[in-house]
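Top to bottom, those sequences are chains A and B.
Position in the first sequence (first residue = 1) + 442 = our numbering.
Position in the second sequence (first residue = 1) + 2 = our numbering.
The C-beta atom is built at its ideal place from N, Cα and C for all residues, glycine as well.
If you're wondering where the values come from, they're calculated on a predicted model, not measured in any experiment.
Here's the structure, in structure tokens; my notes come after.
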Amino acid sequence: MKQTDKIFQEARHRTLEYTTRRHFLKECRTGIGMMALGSFLQGCDLFGSKKDSAAAAFDVNNPLIPKAPHFPAKAKSVIFLHMAGAPSQLELFDYKPVLQKMHGQDCPPSFIEGKKFAFIRGVPTLLGPQAKFAQYGQSGLWLSDNLPHFQTMADDVSILKAVNTDQFNHAPAQLLMHTGSARLGRPSMGSWVTYGLGSENSNLPGFMVLTSGGANPDAGKSVWGSGFLPSVYQGIQCRSSGDPVLFINDPKGMDRDLKKASIDAINKVNQSSYKEFGDPETLSRISQYEMAFKMQVTVPEVMDISDEPQYIHDMYGTKPGKTAFANNALLARKLVEKGVRFVQLFDWGWDMHGTGPDGSLDIGLINKCREVDKAMTALLLDLKQRGLLEETIVVWGGEFGRTPMQENRDGKQNMWTGRDHHSDAFSMWIAGGGIKKGFSHGETDEIGYNAVEGKVSVYDIQATILQQLGFDHEKLTYEFQGRQFRLTDVHGKQIREIIA
Amino acid sequence: MDFIGRLHPLFVHLPIGFLVLGLLLYWWTEFTNDKRLIPALKPIFLLGTIAAVVSIATGFFLSWQDDYDEDSLNRHRNSGIALAVLSLYFWFLITKKVEGRRPLYLSFSVMLLLVLSGHYGASLTHGSGFLFGSGPDAIRFKPLANAQEALAYKEVIDPILQQKCVSCHGADKQKGKLRLDSEAFIKKGGKNGNTVAKNADEALMLNRILLPPDDEEHMPPKEKGQLTKDQVALIDWWIRNGANFQAKVKEIQQDDQIKKTLVKLEGPGEADVETVAEVLPEVDPAPAAMVALLKKAGAVVVPVAAGSALLTVNLINLTDSTEQTWKALAAISEQVLELKAEGAKVSNATMSYLKDMKHLRRLSLVGSSINDSALTRIAALTALQSLNLRGTKVTGTGLAALAPLKNLKALYLFQTTVDSSNMATVKTKLPGIQLEAGQYQVPILYSDTTKVAPPKKP
Numbered sequence: 443m444k445q446t447d448k449i450f451q452e453a454r455h456r457t458l459e460y461t462t463r464r465h466f467l468k469e470c471r472t473g474i475g476m477m478a479l480g481s482f483l484q485g486c487d488l489f490g491s492k493k494d495s496a497a498a499a500f501d502v503n504n505p506l507i508p509k510a511p512h513f514p515a516k517a518k519s520v521i522f523l524h525m526a527g528a529p530s531q532l533e534l535f536d537y538k539p540v541l542q543k544m545h546g547q548d549c550p551p552s553f554i555e556g557k558k559f560a561f562i563r564g565v566p567t568l569l570g571p572q573a574k575f576a577q578y579g580q581s582g583l584w585l586s587d588n589l590p591h592f593q594t595m596a597d598d599v600s601i602l603k604a605v606n607t608d609q610f611n612h613a614p615a616q617l618l619m620h621t622g623s624a625r626l627g628r629p630s631m632g633s634w635v636t637y638g639l640g641s642e643n644s645n646l647p648g649f650m651v652l653t654s655g656g657a658n659p660d661a662g663k664s665v666w667g668s669g670f671l672p673s674v675y676q677g678i679q680c681r682s683s684g685d686p687v688l689f690i691n692d693p694k695g696m697d698r699d700l701k702k703a704s705i706d707a708i709n710k711v712n713q714s715s716y717k718e719f720g721d722p723e724t725l726s727r728i729s730q731y732e733m734a735f736k737m738q739v740t741v742p743e744v745m746d747i748s749d750e751p752q753y754i755h756d757m758y759g760t761k762p763g764k765t766a767f768a769n770n771a772l773l774a775r776k777l778v779e780k781g782v783r784f785v786q787l788f789d790w791g792w793d794m795h796g797t798g799p800d801g802s803l804d805i806g807l808i809n810k811c812r813e814v815d816k817a818m819t820a821l822l823l824d825l826k827q828r829g830l831l832e833e834t835i836v837v838w839g840g841e842f843g844r845t846p847m848q849e850n851r852d853g854k855q856n857m858w859t860g861r862d863h864h865s866d867a868f869s870m871w872i873a874g875g876g877i878k879k880g881f882s883h884g885e886t887d888e889i890g891y892n893a894v895e896g897k898v899s900v901y902d903i904q905a906t907i908l909q910q911l912g913f914d915h916e917k918l919t920y921e922f923q924g925r926q927f928r929l930t931d932v933h934g935k936q937i938r939e940i941i942a
Numbered sequence: 003m004d005f006i007g008r009l010h011p012l013f014v015h016l017p018i019g020f021l022v023l024g025l026l027l028y029w030w031t032e033f034t035n036d037k038r039l040i041p042a043l044k045p046i047f048l049l050g051t052i053a054a055v056v057s058i059a060t061g062f063f064l065s066w067q068d069d070y071d072e073d074s075l076n077r078h079r080n081s082g083i084a085l086a087v088l089s090l091y092f093w094f095l096i097t098k099k100v101e102g103r104r105p106l107y108l109s110f111s112v113m114l115l116l117v118l119s120g121h122y123g124a125s126l127t128h129g130s131g132f133l134f135g136s137g138p139d140a141i142r143f144k145p146l147a148n149a150q151e152a153l154a155y156k157e158v159i160d161p162i163l164q165q166k167c168v169s170c171h172g173a174d175k176q177k178g179k180l181r182l183d184s185e186a187f188i189k190k191g192g193k194n195g196n197t198v199a200k201n202a203d204e205a206l207m208l209n210r211i212l213l214p215p216d217d218e219e220h221m222p223p224k225e226k227g228q229l230t231k232d233q234v235a236l237i238d239w240w241i242r243n244g245a246n247f248q249a250k251v252k253e254i255q256q257d258d259q260i261k262k263t264l265v266k267l268e269g270p271g272e273a274d275v276e277t278v279a280e281v282l283p284e285v286d287p288a289p290a291a292m293v294a295l296l297k298k299a300g301a302v303v304v305p306v307a308a309g310s311a312l313l314t315v316n317l318i319n320l321t322d323s324t325e326q327t328w329k330a331l332a333a334i335s336e337q338v339l340e341l342k343a344e345g346a347k348v349s350n351a352t353m354s355y356l357k358d359m360k361h362l363r364r365l366s367l368v369g370s371s372i373n374d375s376a377l378t379r380i381a382a383l384t385a386l387q388s389l390n391l392r393g394t395k396v397t398g399t400g401l402a403a404l405a406p407l408k409n410l411k412a413l414y415l416f417q418t419t420v421d422s423s424n425m426a427t428v429k430t431k432l433p434g435i436q437l438e439a440g441q442y443q444v445p446i447l448y449s450d451t452t453k454v455a456p457p458k459k460p
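Shown next, in the form of structure tokens:
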């Protein structure tokens with residue numbers, strides 16, 4: 443049989459499927475039953491979600507329409523600065539003089555018995571802080587000399603010193619941090635937020651992602667994926683050099699009118715397909731086409747940092763024409779200013795195991811700090827002077843922390859100073875959006891191994907961010923596979939201590 | 003025997019159900035002259051009477067096995083018996099088809115007794131003030147302003163005892179000859195000995211509280227309201243540190259754990275998300291036609307919270323800034339809580355449409371073409387807490403007009419003529435307001451432009 447005949451036959455078969463009696467009966471057998479059951483259950487409103495959840499008013503025709511949260515919000519947007527690879531809290535925020543004294547001693551067995559590490563085997567030795575610490579600001583927060591610019595921001599941020607996660611490998615830990623599950627398939631925080639709040643700027647997506655450091659995070663694009671939420675809520679990754687979005691420019695010979703005409707035509711086909719089958723994803727697709735068309739104009743505009751004055755460039759330390767964290771930080775400010783809800787920045791390369799100079803605490807980590815320190819400080823100050831910090835939450839951290847022990851890969855001491863992955867306690871900071879200023883929450887034990895006070899989980903951070911945006915994290919739900927899902931699943935408590 | 007007694011709480015609800023149903027049906031037939039239901043009354047009241055008798059019988063069994071307050075018990079028993087007798091009599095009148103006023107009056111008495119005996123019974127189990135919120139179960143802990151400054155006994159321990167202990171160990175009842183409602187009584191102790199002895203392990207109060215709930219001697223008794231973990235921790239802390247009746251919290255030794263428990267006394271738990279949220283003014287819903295008009299013009303108009311009539315308005319997408327749009331905005335003045343009116347389309351002239359926004363808390367006029375003459379209009383927005391004038395032509399002298407804004411906390415002046423040279427004068431005119439003129443600089447350090455190089459291989 444010829445290839446074309448096959449195609450025609452399949453097409454005929456498909457058409458028949460929609461019209462034949464046999465197909466009708468087959469589908470109805472379960473279909474009508476499910477429909478009836480569905481309407482019963484819906485009538486019952488088993489989960490009480492319909493009336494409670496603001497987000498339940500999800501409009502398939504206009505999924506990004508701005509919506510009200512559960513209660514008045516303290517913050518309107520979020521900038522999440524993720525240092526992919528997990529920076530060492532012991533060289534940045536968590537000062538442990540006792541660990542310095544115990545430097546070189548064998549790790550007490552109580553810490554390693556029954557524990558699993560990514561690379562440490564046998565009995566490792568303790569590694570004292572590889573940085574100098576001092577207290578800064580009125581608040582007297584302890585910060586290391588690896589972040590000389592950030593030291594001046596001590597009175598503007600809240601540091602969480604006892605964050606806890608249950609994953610010690612990069613990809614699952616990153617997924618947990620951003621999607622509330624260590625496994626693939628859940629919507630990311632930014633998707634939940636855009637699903638709940640919509641997008642204020644009708645010409646820009648509500649959730650945008652920028653990466654730097656030479657690689658995407660280990661967990662891949664799933665950390666800004668929309669999971670089972672309609673795909674219109676997924677994060678849009680932009681590049682800070684070259685075309686901001688791949689294929690955003692029209693191909694040669696295609697002008698904007700022709701583009702509009704073709705999108706209109708495609709949407710018309712989609713409309714009639716929606717009328718026939720009623721699949722909400724079709725509508726989602728229509729709005730995506732429209733958004734993409736608008737983005738062709740707005741995104742290159744907003745992603746162009748060359749229109750910023752020189753003093754702003756100096757402040758951030760941008761590197762025009764290159765991919766750099768500093769450029770992304772400036773872009774994050776521009777996006778938030780334009781009404782984007784959630785901006786995720788990933789900076790890759792913080793995984794200091796001590797396997798080489800670039801992966802060591804006394805060379806690699808210091809160089810990574812130098813790449814971000816000025817820019818993240820500038821970001822906070824720039825948001826502050828624009829009045830945006832009071833309505834924007836800025837979060838900084840990695841997916842987990844580092845061990846107080848020198849890594850001994852396969853039982854042999856690594857050549858360079860380095861620490862293994864550590865999930866029991868690590869540090870992050872949060873600023874703006876109604877979060878306390880100049881505050882430290884949580885304490886670790888004397889060597890920085892376990893949380894002894896103010897322990898918070900990744901879910902607690904997620905719950906707190908949602909809370910500041912006006913959501914009860916237990917009520918921002920989406921029904922999928924027969925149950926209501928939420929970002930924090932069955933966990934999470936807002937961290938009241940850091941709320942101003 | 004005990005078992006039969008324990009059935010009492012189950013049986014008592016039967017006569018209530020039967021009799022209320024019967025009375026309602028009876029009144030229905032009386033007041034509507036709808037006689038079809040009369041035959042149903044006989045069996046209902048017979049059943050009600052039987053159930054009442056069974057309840058009384060089980061009630062006697064229960065009263066023998068537990069130590070109830072004599073007075074309340076008598077009241078409950080007598081009203082219960084009277085109820086059974088009257089309902090029997092009522093059943094008799096119905097069966098004899100007695101007409102006239104007598105059954106009607108009787109029906110009201112039955113209802114009254116039903117309510118009374120039910121209420122007395124509930125008072126026995128829940129404590130006497132339960133219904134009107136003055137009783138122990140209804141005591142709401144008032145959050146302390148500062149837990150460390152509070153009096154340890156009077157403001158921390160006593161409220162717990164009042165809520166959980168005093169109903170049996172107080173002025174009304176003194177089980178085990180113990181009262182816990184004042185310092186003198188607590189010190190005196192009960193028939194079994196000291197309550198708060200010097201040696202914490204001898205302090206019976208703590209001892210009984212810490213016994214496992216299954217223990218015969220555990221306090222409060224298993225069937226009564228239990229102390230929460232935090233309450234146990236607080237009592238434990240207070241007694242072990244000498245049960246000081248005069249000291250303030252901060253004068254008693256504390257470890258980290260108890261410090262955290264004490265902090266909780268200062269505010270609502272995290273579950274009370276709603277109560278944490280600030281109180282917002284109540285307003286009528288905005289006129290829907292005006293909201294629709296604004297939306298059509300490209301404005302973002304969203305309630306500040308689901309179900310709230312207050313609105314957040316953002317003109318970021320505004321495509322139609324004709325007078326009609328501005329009039330629509332003025333028409334929802336009362337409802338606007340937050341407004342972002344940024345960009346060149348906003349001018350001195352358009353400010354007149356904002357003048358009635360009496361609930362407006364946050365206003366951003368970034369990059370608008372307003373100047374000092376708009377500030378007098380803004381000064382009328384008395385609820386304003388945050389005002390962003392970045393990138394406008396306002397001047398240091400003009401800003402003095404904002405002095406009447408008593409609620410204003412933050413004022414953003416970046417990219418205006420206000421800078422470090424005239425900031426001090428603005429500050430004296432607007433005391434107490436956090437002024438933000440920006441112009442931050444982040445210096446370039448040696449480390450910003452260099453990298454640490456790995457040591458060269460020998």
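What did DSSP end up calling V651(A) once you bin it into helix, strand or coil?
-> For this step, residue 651(A) is matched to residue 209 along the first sequence. Correct three-state label for V651(A): strand.
Is it right to say E466(B) is buried, meaning 16 or more other beta carbons lie within 10 angstroms of its own, or is it exposed?
-> Residue 466(B) is absent from the structure shown; chain B starts at 3 and stops at 460.
So is S354(B) in contact with chain A if we call contact Cβ pairs under 8 Å?
-> Here residue 354(B) corresponds to residue number 352 of the second sequence, with the count starting at 1. Not one chain A Cβ lies under 8 Å of S354(B).
Step through the CB atoms of chain B and report whether any lies within less than 8 Å of the CB of F513(A).
-> Within the first sequence, numbered from 1, the residue matching residue 513(A) stands at position 71. At least one chain B Cβ lies under 8 Å of F513(A).
Residues in the stretch 790-817 of chain A with C-beta within 7 Å of chain B's C-beta atoms, listed in sequence order?
-> Listed by position along the chain: P799, I805, I808, N809, R812 and K816.
In chain order, which continuous runs of the alpha helix (DSSP H) of length 4 or greater are located wholly inside the stretch 670-727 of chain A?
-> Qualifying alpha helix (DSSP H) stretches, in chain order: 698-719.
Enclosing beta strand (DSSP E) for I872(A) [first to last residue] = Locating residue 872(A) in the first sequence gives position 430, where the first residue counts as 1. Here the beta strand (DSSP E) through I872(A) covers F868 to A873.
Selection from S449(B), A330(B) and K408(B) that minimises the alpha carbon distance to I435(B) | Along the second sequence, one-based indexing puts residue 435(B) at 433. Checked all of S449(B), A330(B) and K408(B); the closest Cα to I435(B) is K408(B).
Q910(A), buried or exposed, once every other Cβ within 10 Å from all chains shown has been counted against 16 | The residue given as residue 910(A) occupies position 468 in the first sequence. With 16 or more other CB atoms across the displayed protein chains lying within 10 angstroms of its CB, Q910(A) is buried.
Closer than 8 Å, CB to CB, is N643(A) near chain B or not?
-> Residue 643(A) sits at position 201 when you count from the first residue of the first sequence. Answer yes: the Cβ-Cβ gap between N643(A) and chain B drops below 8 Å somewhere.
From what residue to what residue does the beta strand (DSSP E) around Y448(B) run?
-> Working through the second sequence from its first residue, we reach residue 448(B) at position 446. First-last for Y448(B): Y448 to T451, but that is the alpha helix (DSSP H), not the beta strand (DSSP E).
Looking only at its own chain, which residues have a Cβ that is under 6 Å from the Cβ of K444(A), when we skip the five neighbours before and after it?
-> As a first step, residue 444(A) must be located in the first sequence, where it is residue number 2. Counting only Cβ-Cβ distances below 6 Å, and skipping sequence neighbours, we find nothing.
Determine, using beta-carbon pairs with one atom in the stretch 557-570 of chain A and one in the stretch 583-598 of chain A, whether at least three such pairs fall under 8 Å.
-> no
Answer with buried or exposed for I318(B), where buried requires no fewer than 16 other C-beta atoms within 10 angstroms of its C-beta.
-> On the second sequence, residue 318(B) is found 316 positions in, with the first residue counted as 1. Buried is the call here.
Would you tell me roughly how many angstroms separate the C-alpha atoms of V348(B) and A382(B), rounded to the nearest one?
-> For this step, residue 348(B) is matched to residue 346 along the second sequence. For this step, residue 382(B) is matched to residue 380 along the second sequence. The alpha-carbon atoms of V348(B) and A382(B) are separated by roughly 18 Å.
Y920(A), DSSP secondary structure in three states | What you label residue 920(A) is simply residue 478 of the first sequence in a count that begins at 1. In this structure, Y920(A) counts as strand in the three-state DSSP scheme.
Out of P571(A), M595(A), I562(A) and G570(A), point me to the one whose CA is closest to Y578(A)'s CA.
-> Residue numbering aside, residue 578(A) sits at position 136 when the first sequence is read from its first letter. Nearest option by C-alpha distance: M595(A).
Measuring CA to CA, which of R928(A), G720(A) and L646(A) is closest to H620(A)?
-> Residue numbering aside, residue 620(A) sits at position 178 when the first sequence is read from its first letter. H620(A) has its Cα closest to that of R928(A), out of R928(A), G720(A) and L646(A).
Tell me P305(B)'s beta-bridge partners as DSSP assigns them.
-> Counting from 1 along the second sequence, the entry for residue 305(B) is found at position 303. DSSP, once it has assigned bridges, lists L313(B) as partnering P305(B).
Which class does R851(A) belong to by DSSP, given the choice of helix, strand or coil?
-> To locate residue 851(A), count along the first sequence from 1; it is residue 409. Of the three classes helix, strand and coil, the one that applies to R851(A) here is strand, per DSSP.
Collapsed DSSP secondary structure at V785(A) in the structure displayed = By one-based count along the first sequence, residue 785(A) stands at place 343. The answer is strand: DSSP assigns V785(A) an E or B state.
From the DSSP output, which residues share a beta bridge with N319(B)?
-> Counted from its first residue, the second sequence places residue 319(B) at position 317. Answer by DSSP bridge pairing: none, since N319(B) is not bridged.
Is DSSP giving T399(B) helix, strand or coil here?
-> As a position in the second sequence, residue 399(B) is number 397, starting the count at 1. Coil.
Drop a sphere of 10 angstroms on the beta-carbon of R783(A), count the other beta-carbons inside from all chains shown, and report buried for 16 or more, exposed for fewer.
-> Taking the first residue of the first sequence as 1, we reach residue 783(A) at position 341. Classification for R783(A): buried.
Which chain B residues are close to T819(A), counting only those with a beta carbon under 7 Å from its beta carbon?
-> As a working mapping, residue 819(A) is identified with position 377 in the first sequence. Ordered by position in chain B, the residues that pass the 7 Å Cβ test against T819(A) are V444.
Which whole-angstrom value describes the C-beta separation of Y442(B) and L823(A), a residue pair presumed to lie in contact below a C-beta threshold of 8 Å?
-> If you number the second sequence from 1, residue 442(B) lands on position 440. If you number the first sequence from 1, residue 823(A) lands on position 381. That belief holds up - the Cβ atoms of Y442(B) and L823(A) are roughly 4 Å apart, short of 8 Å.
Alpha-carbon spacing of I6(B) relative to S57(B), whole angstroms | Start at 1 with the first residue of the second sequence, and residue 6(B) comes out as number 4. Start at 1 with the first residue of the second sequence, and residue 57(B) comes out as number 55. Rounded to whole angstroms, I6(B) to S57(B) spans 10 Å at the Cα level.
Tell me, which residues are paired with R928(A) by DSSP?
-> Translated into positions along the first sequence, residue 928(A) becomes position 486. As computed with DSSP, R928(A) is found in a beta bridge with T919(A).
Output the distance between the C-alpha atoms of H612(A) and Y448(B), rounded to the nearest integer angstrom.
-> In the first sequence, residue 612(A) corresponds to position 170, counting from 1. In the second sequence, residue 448(B) corresponds to position 446, counting from 1. H612(A) and Y448(B): Cα-Cα distance of roughly 32 Å.
Is the CB of I111(B) under 8 Å away from at least one CB in chain A?
-> Within the second sequence, residue 111(B) is the residue found at index 109, counting from 1. Reading off the sequence shown, one finds Ser at residue 111(B), where the question assumed Ile. No, S111(B) does not count as interfacial toward chain A.
Keeping to the same chain, check which residues put their C-beta closer than 8 Å to that of P633(A); ignore five residues upstream and five downstream.
-> Translated into the one-based positions of the first sequence, residue 633(A) becomes position 191. First, the residue type needs correcting, since residue 633(A) is Ser and not Pro in the sequence shown. So the qualifying residues of the chain are F649, W666, G667, S668, G669, L671, Y675, Q676 and G677.
Between A528(A) and W790(A), is the Cβ-Cβ spacing less than 8 Å?
-> Reading the first sequence from its first residue, position 86 is the one you call residue 528(A). Reading the first sequence from its first residue, position 348 is the one you call residue 790(A). Not a contact, by the Cβ cut-off of 8 Å.
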